[in-house]
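Peer 1: The structure under discussion is supplied below as C-alpha cells; questions concerning it will follow.
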Amino acid sequence: MNIIGTGRAHPSLTVTNEMLSRFLDTSDEWITTRTGIKQRQLISHEKLEDLAAEACNNALEDAGISAKDIDFFICSNVVNEYITPSLSCIVQGMIGATCACFDLNSACAGFIYALDIANSFFKTKKEVNHILILCAEEPTRMCDWQERSTCVLFGDGAAAVVLSRGDDFIGSSLSSFSCVEPLYQIRELEKTPFITKEEFGGPLVMKGQEVFKLAVKSSLSDIRKVVEDNGYTYDEVDYYLLHQANIRIIDTIRRSLDQDEVKFPHNIRHYGNTSSASLPILLDELNRNQTLNSGDTIVLSAFGAGFTSGACLLNWSKQ
Ligand code: COA
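Just so you know, we're using my numbering here: the sequence shown kicks off at 503 and counts up by one.
Shown next as C-alpha cells:
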C-alpha cells in the first residue's frame with residue numbers, strides 16, 4: 503500500500519492564545535510553555551462536511567485521480583452534527599464517489615487504525631485499487647469553553663490521503679485498553695417512556711496529567727514494537743510524525759528514543775490538537791512543502807481516548 507495523494511482543509515477563523523485570555527483565566531505564556539500551542543483554526547460558520555469534502559478533493563487532485571476511481575472510503579471521526587448517516591456517506595455524495603464507505607471512531611488514533619484497515623483491504627479484496635482515508639474532526643465542539651484546562655488544547659480541521667496498491671506500508675502496531683475515566687464525554691440520548699435510569703450528558707472531561715503519562719507510555723511502546731519487529735533501528739527512521747497533542751509529549755518521546763529534533767516535525771503551534779486529523783494534516787504539510795523525499799522511512803504514531811494508540815512504519819515513495 504502506497505500513499506499517492508494528500509490534502510487538507512482548515513476553518514477560516516484563527517483564534518490566538520491572547521484571544522482566549524480575554525474570556526478565560528489563562529495566558530499566552532502558560533499555553534505556549536505547557537503545550538506548544540500559539541493559535542488554532544476553529545469552526546465558526548463552516549460545516550465540517552464542507553471542510554471534509556475540500557480535504558478529499560485536494561488529496562484526489564494531488565493523487566491525480568477522480569473520486570470515481572476510489573474503491574473504498576474510510577472516514578475517521580469522533581463527533582459531528584449528524585449521528586446518522588455516517589460522515590463518510592455524506593461526504594461520499596459531496597465529492598462524487600460511489601464506492602462503499604464507513605466511519606470509524608478510534609479517537610485521535612483514528613488515522614493509524616484507518617491505514618491498518620486499508621492495508622488489510624488491499625490484501626483481501628482484489629477489486630480494490632484505490633482507497634480514500636479522511637480524518638475530519640471538530641473537537642472544539644466537545645469542550646466546555648469555560649474550562650481552561652481543556653478548551654485551549656483543541657482545534658478543528660480535516661485531512662485526507664489517497665492510497666494505492668504498493669509495498670510502502672511496512673507494518674503497524676495497534677493497542678487499545680479500556681480506560682475511560684481519564685478522557686471521556688457523555689452524550690444524553692432522547693428520552694423514551696420506558697427509561698427509568700438516571701442519565702446525563704456534558705462536555706469533555708480530561709485528567710491531563712494522566713493522559714500525558716498514558717500517551718507517552720503507549721506511543722513509546724507502539725513505536726518500539728513497530729520499529730524493532732520490522733528489523734529497523736531508530737536511527738534508520740528519517741521522520742517520526744507524532745500526534746500533535748502537546749509539544750512536551752512529543753519531546754518526551756523524542757528524548758526517550760534519543761533522536762534529533764529535526765526528525766520530529768511539528769505544527770501544533772498553528773493548529774492545536776485536531777484529533778485524528780492532526781497526523782494527515784502534518785503529512786500534507788510535509789508533502790506540499792517537499793520536506794519528505796522519495797525513499798524516506800517514516801513512523802506515524804497517535805494516541806487517544808479509549809485508551810487507543812497505534813504506530814505504523816512506512817516508506818515514502820511519492821515524488
Ligand atoms: N491557563 C492557565 N493555567 C492553567 C490552564 C490554562 N489554560 N490550564 C490549567 N491551568 C492550571 C491548573 O489549574 C493548575 O493550577 P494549580 O496548580 O493552581 O492547581 C496548573 O495550571 C497546573 O495544571 P496541570 O494540569 O498540572 O498542568 P500540566 O503541566 O499537566 O498541563 C495539560 C496540563 C492539559 C496541558 C497537560 O497535562 C497535557 O497536555 N495532558 C495531555 C492532554 C492531551 O493530550 N489530551 C488529548 C489526548 S488525545
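C-beta atoms are modelled at their ideal positions from N, C-alpha and C, and glycine is treated no differently. Predicted model only: the values in this text are computed from it and were never measured.
Could you tell me the distance, in whole angstroms, from the CA atom of R510 to the CA atom of K765?
Peer 2: Locating residue 510 in the sequence shown gives position 8, counting from the first residue. Locating residue 765 in the sequence shown gives position 263, counting from the first residue. Rounded to whole angstroms, R510 to K765 spans 22 angstroms at the Cα level.
Peer 1: Which of helix, strand or coil does DSSP assign to T776?
Peer 2: Your numbering for residue 776 matches position 274 in the sequence shown. In the structure shown, T776 sits in coil (DSSP, three-state: anything other than H, G, I, E or B).
Peer 1: Please look up how many angstroms separate the CB atoms of V729 and G507, rounded, as I've assumed it's under 8 angstroms.
Peer 2: As a working note, residue 729 is residue 227 in the sequence shown. As a working note, residue 507 is residue 5 in the sequence shown. 26 angstroms between Cβ atoms; not a contact.
Peer 1: Closer than 7 angstroms to a non-hydrogen atom of the ligand COA - does that hold for the CB of R536?
Peer 2: Position 34 of the sequence shown holds residue 536. It does: the Cβ of R536 is within 7 angstroms (strictly closer) of some heavy atom of the ligand COA.
Peer 1: Which residues bound the beta strand (DSSP E) around E639?
Peer 2: Looking up residue 639 in the sequence shown gives position 137. From DSSP, the beta strand (DSSP E) with E639 extends over 632-639.
Peer 1: For R771 and Q746, I'd like the C-alpha separation in whole angstroms.
Peer 2: As a position in the sequence shown, residue 771 is number 269, starting the count at 1. As a position in the sequence shown, residue 746 is number 244, starting the count at 1. So the two alpha carbons sit approximately 9 angstroms from each other.
Peer 1: Considering only their Cβ atoms, is the gap separating S811 from S674 smaller than 8 angstroms?
Peer 2: Numbered from 1 along the sequence shown, position 172 holds the residue referred to as residue 674. Numbered from 1 along the sequence shown, position 309 holds the residue referred to as residue 811. Against a cut-off of 8 angstroms, the Cβ pair of S811 and S674 comes out as no contact.
Peer 1: Just tell me which of E701, I539, A813, S680 has its CA closest to the CA of R689.
Peer 2: As a first step, residue 689 must be located in the sequence shown, where it is residue number 187. The residue with the shortest Cα to Cα distance from R689 is E701.
Peer 1: The alpha helix (DSSP H) that contains A620, what's its start and end?
Peer 2: Residue 620 sits at position 118 when you count from the first residue of the sequence shown. 612-626 is the span of the alpha helix (DSSP H), which, as asked, contains A620.
Peer 1: Around the C-beta of Q792, are 16 or more other C-beta atoms found within 10 angstroms, so that it is buried, or is it exposed?
Peer 2: Mapped onto the sequence shown, residue 792 falls at position 290. By the neighbour-count definition (other C-beta atoms within 10 Å, threshold 16), Q792 is an exposed residue.
Peer 1: Run through DSSP, which three-state label would D798 get?
Peer 2: Walking along the sequence shown from the start, residue 798 turns up at place 296. The answer is strand: DSSP assigns D798 an E or B state.
Peer 1: Confirm the yes/no value for this check: CB of L655, any heavy atom of the ligand COA, distance under 7 angstroms.
Peer 2: Residue mapping note: residue 655 aligns to position 153 of the sequence shown, counting from 1. Because some heavy atom of the ligand COA lies under 7 angstroms away, the Cβ of L655 counts as near it: yes.
Peer 1: Suppose you measure from the CA of W647 to the CA of T626; what does that come to, to the nearest Å?
Peer 2: Counting from 1 along the sequence shown, the entry for residue 647 is found at position 145. Counting from 1 along the sequence shown, the entry for residue 626 is found at position 124. One C-alpha to the other measures close to 45 angstroms.
Peer 1: Measure how close the beta-carbons of C577 and D605 come, nearest whole angstrom, since I'm counting them as under 8 angstroms.
Peer 2: Counted from its first residue, the sequence shown places residue 577 at position 75. Counted from its first residue, the sequence shown places residue 605 at position 103. Contact holds; Cβ gap of about 5 angstroms.
Peer 1: Assuming T776 and E692 form a contact by the criterion Cβ under 8 angstroms, report the distance between their Cβ atoms to the nearest whole angstrom.
Peer 2: Position 274 of the sequence shown, counting from 1, holds the residue named residue 776. Position 190 of the sequence shown, counting from 1, holds the residue named residue 692. So it is not a contact: roughly 30 angstroms between Cβ atoms.
Peer 1: To which residues of the same chain is A554 closer than 7 angstroms at the C-beta, ignoring the five residues directly before and after it?
Peer 2: The sequence position of residue 554 within the sequence shown is 52, counting from 1. Result list for A554: L589, V593, L636, A638, A660, in chain order.
Peer 1: Taking a contact to mean a Cβ-Cβ separation below 8 angstroms, would you say F613 touches P782 in this structure?
Peer 2: Translated into positions along the sequence shown, residue 613 becomes position 111. Translated into positions along the sequence shown, residue 782 becomes position 280. Contact flag set, yes.
Peer 1: Note down, one range per segment and in chain order, each beta strand (DSSP E) of at least 3 residues found wholly within the region 509-576.
Peer 2: 515-518, 541-544
Peer 1: My assumption, with CB atoms under 8 angstroms, is that Q687 sits in contact with M644. Please give the rounded CB distance.
Peer 2: In the sequence shown, the residue the question calls residue 687 occupies position 185. In the sequence shown, the residue the question calls residue 644 occupies position 142. Between M644 and Q687 the Cβ distance is about 5 angstroms, and since that is below 8 angstroms, they are a contact.
Peer 1: At which residues does the alpha helix (DSSP H) containing A717 begin and terminate?
Peer 2: The residue given as residue 717 occupies position 215 in the sequence shown. Unbroken alpha helix (DSSP H) run through A717: 710-731.
Peer 1: Classify G595 as helix, strand or coil using the three-state DSSP reduction.
Peer 2: In the sequence shown, residue 595 corresponds to position 93, counting from 1. The answer is helix: DSSP assigns G595 an H, G or I state.
Peer 1: Within 10 Å of its beta-carbon, does E531 have 16 or more other beta-carbons around it, so buried, or fewer, so exposed?
Peer 2: On the sequence shown, residue 531 is found 29 positions in, with the first residue counted as 1. So E531 ends up on the exposed side.
Peer 1: So, are the CB atoms of A611 and F805 less than 8 angstroms apart?
Peer 2: Working through the sequence shown from its first residue, we reach residue 611 at position 109. Working through the sequence shown from its first residue, we reach residue 805 at position 303. Contact: yes.
Peer 1: Looking at the unbroken alpha helix (DSSP H) that takes in C653, where does it start and where does it end?
Peer 2: Residue numbering aside, residue 653 sits at position 151 when the sequence shown is read from its first letter. Residues 650-653.
Peer 1: Could you check where the beta strand (DSSP E) with T810 kicks off and where it finishes?
Peer 2: As a position in the sequence shown, residue 810 is number 308, starting the count at 1. Here the beta strand (DSSP E) through T810 covers 808-818.
Peer 1: Relative to the C-alpha of L706, which residue among F656, F696, L716 is closest?
Peer 2: Within the sequence shown, numbered from 1, the residue matching residue 706 stands at position 204. Cα-wise, what sits closest to L706 is F656.
Peer 1: Mapping DSSP to helix, strand and coil, what is L589?
Peer 2: As a first step, residue 589 must be located in the sequence shown, where it is residue number 87. In the three-state DSSP reduction, L589 falls in the helix class (H, G or I).
Peer 1: Expressed to the nearest angstrom, what Euclidean distance is found between the alpha-carbon atoms of C603 and I672?
Peer 2: Your numbering for residue 603 matches position 101 in the sequence shown. Your numbering for residue 672 matches position 170 in the sequence shown. The alpha-carbon atoms of C603 and I672 are separated by roughly 25 angstroms.
Peer 1: Grab the span of the beta strand (DSSP E) containing D672 for me, first residue to last.
Peer 2: One-based indexing of the sequence shown puts residue 672 at position 170. Checking the sequence shown, residue 672 turns out to be Ile, not Asp. 671-681 is the span of the beta strand (DSSP E), which, as asked, contains I672.
Peer 1: Taking buried to mean at least 16 other C-beta atoms within 10 Å of its own C-beta, is D669 buried or exposed?
Peer 2: If you number the sequence shown from 1, residue 669 lands on position 167. Result: exposed.
Peer 1: Mind checking whether the beta-carbon of A813 lies closer than 7 angstroms to any heavy atom of the ligand COA?
Peer 2: Taking the first residue of the sequence shown as 1, we reach residue 813 at position 311. For the ligand COA, not one heavy atom lies less than 7 angstroms from the Cβ of A813.
Peer 1: Is any heavy atom of the ligand COA found at a distance shorter than 7 angstroms from the C-beta of S651?
Peer 2: The count along the sequence shown starts at 1 and reaches residue 651 at position 149. At a threshold of 7 angstroms, S651 counts as near the ligand COA, since its beta carbon sits closer than that to one of the ligand's heavy atoms.
Peer 1: Nearest to Q543 by alpha carbon, out of S523, P513, D527, D571?
Peer 2: The count along the sequence shown starts at 1 and reaches residue 543 at position 41. Among S523, P513, D527, D571, the Cα nearest to that of Q543 belongs to P513.
Peer 1: When you compare each of N748, N732, Y741, V739 to F714 by their alpha carbons, which one comes out closest?
Peer 2: Here residue 714 refers to the residue found at position 212 when the sequence shown is read from its first residue. Closest by alpha carbon: N748.
Peer 1: Taking 7 angstroms as the cut-off, is the CB of C610 close to at least one heavy atom of the ligand COA?
Peer 2: Within the sequence shown, residue 610 is the residue found at index 108, counting from 1. Checking the Cβ of C610 against the ligand COA gives yes.
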